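Trainee:
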Ligand SMILES: CC(C)(COP(=O)(O)OP(=O)(O)OC[C@H]1O[C@@H](n2cnc3c(N)ncnc32)[C@H](O)[C@@H]1OP(=O)(O)O)[C@@H](O)C(=O)NCCC(=O)NCCS
């Protein structure tokens, strides 16, 4: 918008580097680091899976973006919409366009079993963005969702964790099984599509979810990963096809 200048000027043209603009527009990325965690999941067929949950590394972003493109054509169980959103959120880390995002990978011997991501809205509230399972019927979704709540309360020391659900499997996995209450809608809307906010408070986490969810529902352990497990999952292995 151009307006008439209400004074005389010594200088009437300004030029500056785009780095100044970047300083204005870039979102801060200061989410606290997460320790790599180990989970032994017992899948529905009774098999044990040693899963490492760790943050994505910078060099893994491009291959992951490539892999996520495959989800765009998966027109079932809401994989396409969730995949499209996760793609944009991962790209936002690379382009520095989302505030304090975290992005975890679930890995078994380097193979991707799933992902979980979210962001810190402020000091008190952690926003759960998405959970995706790429190995199905393993039960990886439960422990990946749990890892985000654990991160919010145990690492970031926040007060609330806000989720919403695009799919029935997502809602069953966490909304139903964690018995998450919701805030009145439409007065309160989650940033994903303006849907309901299902929330978990620190009190509910400590008193009811933290220990029970793992044993009763997530069918897994959750503890700090050993050096050997981290080493085993150092290299991310992505399939060329989506088999979900
Ligand atoms: C939501 C999600 C993370 C849950 O992962 P999960 O807990 O590991 O569970 P799965 O997806 O493997 O399975 C969910 C259910 O579908 C069933 N299922 C999975 N694949 C199946 C198949 N090929 N045929 C029949 N049933 C199948 C599972 O047995 C399970 O049912 P159960 O609990 O009664 O056994 C995963 O379904 C997913 O990534 N969905 C797409 C993205 C999404 O919706 N994310 C959540 C956004 S809110």
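Residue numbers (my numbering): 1342 to 1585. Even for Gly, the Cβ is constructed at its ideal location relative to N, Cα and C. Fair warning: this is a prediction, and the values are worked out from it, not measured in the lab.
What is the C-beta distance between residue 1504 and residue 1539, in whole angstroms, given that I count them as a contact (C-beta under 8 Å)?
Mentor: That pair is a contact at about 5 Å.
Trainee: Just checking residue 1418 against ligand 1 - is the residue's beta carbon closer than 7 Å to any of the ligand's heavy atoms?
Mentor: Residue 1418 Cβ: within cutoff of ligand 1.
Trainee: Would you list, in sequence order, the uninterrupted beta strand (DSSP E) runs of no fewer than 3 residues that lie entirely inside the region 1390-1462?
Mentor: Runs of the beta strand (DSSP E) inside the region 1390-1462: 1442-1449 and 1452-1461.
Trainee: Quick one: give me the first and last residue of the beta strand (DSSP E) that residue 1504 is part of.
Mentor: Where residue 1504 is concerned, the enclosing beta strand (DSSP E) stretches over 1501-1504.
Trainee: Cα separation between residue 1534 and residue 1523?
Mentor: Answer to the nearest angstrom: the Cα atoms are 16 Å apart.
Trainee: Is residue 1388 close to ligand 1? I mean its beta-carbon at under 7 Å from any heavy atom of the ligand.
Mentor: No.
Trainee: Please go through the same chain and pick out, in chain order, the residues whose beta-carbon is closer than 8 Å to the beta-carbon of residue 1425, but skip the five residues on each side of it.
Mentor: Taken in chain order, the residues that qualify are 1412 and 1413.
Trainee: Do residue 1459 and residue 1586 have their beta-carbon atoms positioned less than 8 Å apart in this structure?
Mentor: Lying outside 1342 to 1585, the shown extent of the chain, residue 1586 is not represented and no answer is given.
Trainee: Can you look up residue 1360 in the DSSP assignment and give me helix, strand or coil?
Mentor: Here residue 1360 sits in helix by DSSP.
Trainee: Taking 7 Å as the cut-off, does the CB of residue 1400 come closer than this to any heavy atom belonging to ligand 1?
Mentor: For ligand 1, not one heavy atom lies less than 7 Å from the Cβ of residue 1400.
Trainee: What residue from 1445, 1401 and 1465 has the CA that sits closest to residue 1482's CA?
Mentor: Comparing Cα positions, the closest option is 1445.
Trainee: Since residue 1467 sits in a beta bridge, which residues does DSSP pair it with?
Mentor: Paired residue(s): 1461 and 1502.
Trainee: Going by C-alpha to C-alpha distance, which of 1500, 1453 and 1520 sits closest to residue 1465?
Mentor: When each option's Cα is compared against that of residue 1465, the closest is 1500.
Trainee: Within 7 Å: the Cβ of residue 1479 and any heavy atom of ligand 1?
Mentor: At least one heavy atom of ligand 1 is nearer than 7 Å to the Cβ of residue 1479, so yes.
Trainee: Using the Cβ count rule (16 or more neighbours within 10 Å means buried), how would you classify residue 1546?
Mentor: When all chains shown are included, residue 1546 counts as buried.
Trainee: Give the secondary structure of residue 1554 by DSSP, where H, G and I count as helix, E and B as strand, and everything else as coil.
Mentor: In the structure shown, residue 1554 sits in a helix (DSSP, three-state: H, G or I).
Trainee: Does the distance from the CB of residue 1415 to the CB of residue 1583 come in under 8 Å?
Mentor: Contact: yes.
Trainee: Thinking just about the alpha-carbon of each residue, which of 1453, 1463 and 1490 is nearest to the one in residue 1473?
Mentor: With distances taken between Cα atoms, residue 1473 lies closest to 1453.
Trainee: Kindly list the residues whose CB is nearer than 7 Å to the CB of residue 1519, restricted to its own chain and excluding five residues on each side of it in sequence; keep chain order.
Mentor: Closer than 7 Å at the Cβ level, and outside the excluded window around residue 1519, lie 1541, 1550 and 1554.
Trainee: Taking the beta carbon of residue 1442 as the centre, do at least 16 other beta carbons fall within 10 Å, making it buried, or is it exposed?
Mentor: By the neighbour-count rule (16 or more Cβ atoms within 10 Å), residue 1442 is buried.
Trainee: Just the Cα atoms here: how many angstroms apart are residue 1421 and residue 1352?
Mentor: The alpha-carbon atoms of residue 1421 and residue 1352 are separated by roughly 53 Å.
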